[in-house]
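Residue numbers (the working numbering): 12 to 353.
Printed below as a string of structure tokens:
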């Protein structure tokens with residue numbers, strides 16, 4: 012669950028007014044250990060911080076997340092129980108999004124939305140993320156009223172978390188077939204990205220976070236979301252321009268491969284779409300990795316393409332493969348530790 016990984020250390024850094032210098036060093040160490048996949052070592056480091064900051068909600072959250080990561084994100088029920096206990100300390104209820112009133116509560120609600128997203132409870136997740144989006148929007152108004160408050164705002168709500176909320180909102184709008192809403196969010200993100208890229212010239216600086224080192228990756232994500240919106244809206248002419256711009260950046264990803272294939276499919280260039288999928292299967296290692304867990308989607312796509320090529324036998328063959336792979340994944344879900352696969 013990539014959305015949770017960076018949240019761990021953001022919470023650590025937010026407690027700088029409470030933590031001692033030693034605690035802040037341990038927090039930085041825990042960040043490196045978590046991002047390096049050393050979740051057991053990270054847990055021990057966080058427990059040392061807890062000794063000097065007992066019952067601190069953010070430290071408790073990081074510990075809960077590390078334990079969840081140690082279970083390969085399988086023990087979802089335990090993680091949700093821990094989140095609810097932490098929410099009580101912050102005087103909110105994760106089952107009632109109207110209780111979201113403070114910036115410190117945002118991380119808990121965001122991670123709850125991520126869980127719901129992976130459990131395909133998109134409408135429930137969307138309710139939470141829409142409230143989070145409105146919440147960060149209210150905070151953002153103060154920035155536009157007085158840019159001198161910018162540093163204070165960064166401390167109130169971590170910048171990385173704000174971007175994650177916006178990106179998750181795009182994803183959920185697309186999952187619930189609301190491309191117009193998703194496109195509006197994408198346009199908002201493009202504006203924010205442009206302002207952020209030009210902010211150093213205004214004398215502003217940003218606190219260290221993942222955005223500083225991954226601006227190009229963030230830009231490509233925004234572009235991919237825009238392409239997905241345009242594809243769902245069947246706005247192929249604009250989509251073609253966006254695809255060309257993204258391809259010129261030399262960024263290669265599975266999402267881009269499927270977007271290109273989908274574009275050709277909508278253009279009724281079925282042979283071209285088939286070549287994009289099958290050629291990249293052999294050369295793109297990330298695509299092969301995705302097919303291990305999403306092979307049913309890959310075979311379903313092949314079936315649809317062959318159907319439109321009037322090759323019914325091949326279409327039937329790939330559809331059967333898709334159903335077989337889908338059943339395999341369902342069995343794996345049922346055999347997981349807590350009956351949920353995240």
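Glycine included, each C-beta is placed from N, C-alpha and C at the ideal position.
When rounded, the separation of the alpha-carbon atoms in residue 82 and residue 236 is 31 Å. Excluding its 5 nearest sequence neighbours in each direction, residue 97 has C-beta neighbours in its own chain below 8 Å: 68, 71, 72, 75 and 119, listed in chain order.
In the DSSP assignment, residue 120 falls within the unbroken alpha helix (DSSP H) covering 117-129.
Residue 174 and residue 35 have their C-alpha atoms roughly 24 Å apart. Secondary structure of residue 107 (DSSP, three-state): strand. Apart from the 5 residues on each side of it in sequence, residue 336 sits with its Cβ closer than 8 Å to the Cβ of 306, 307 and 310 in its chain, given in chain order. With respect to residue 183, residue 128 sits close: the two C-beta atoms are nearer than 9 Å. Judged by DSSP secondary structure, residue 181 falls within the alpha helix (DSSP H) whose first and last residues are 170-186.
The alpha carbon of residue 94 has as its nearest neighbour, out of 61, 209, 116 and 248, the alpha carbon of 116.
Closest in alpha carbon position to residue 282, among 317, 251, 344 and 181, is 317. Less than 9 Å divides the Cβ of residue 271 from the Cβ of residue 254.
Inter-residue distance for residue 124 and residue 92 is about 15 Å (C-alpha atoms, whole angstroms). About 15 Å separates the beta carbon of residue 203 from that of residue 193, a gap too long to meet the 8 Å contact definition. With respect to the 9 Å criterion, residue 126 and residue 113 are not classified as neighbours on the basis of their beta carbons. Non-local C-beta neighbours of residue 332 in its own chain, meaning closer than 6 Å and more than five positions away in sequence, comprise 310, ordered along the chain. Annotation for residue 30: no alpha helix (DSSP H) segment contains it, and DSSP assigns it neither H nor E. The Cβ atoms of residue 133 and residue 187 sit closer than 9 Å to each other. Rounded to the nearest angstrom, the gap between the Cα atoms of residue 106 and residue 259 is 45 Å. When the beta-carbon positions are compared, residue 291 and residue 242 stay at least 9 Å from each other. Closest in alpha carbon position to residue 84, among 50, 108 and 60, is 50.
When rounded, the separation of the alpha-carbon atoms in residue 265 and residue 65 is 43 Å. Residue burial is scored here from C-beta neighbours: residue 324 has fewer than 16 other C-beta atoms within 10 angstroms and is therefore classed as exposed. Distance between residue 340 and residue 329, taken at the CA atoms: about 16 Å. DSSP places residue 84 in the coil class of the three-state scheme, outside both helix and strand. For residue 64, the three-state secondary structure derived from DSSP is coil.
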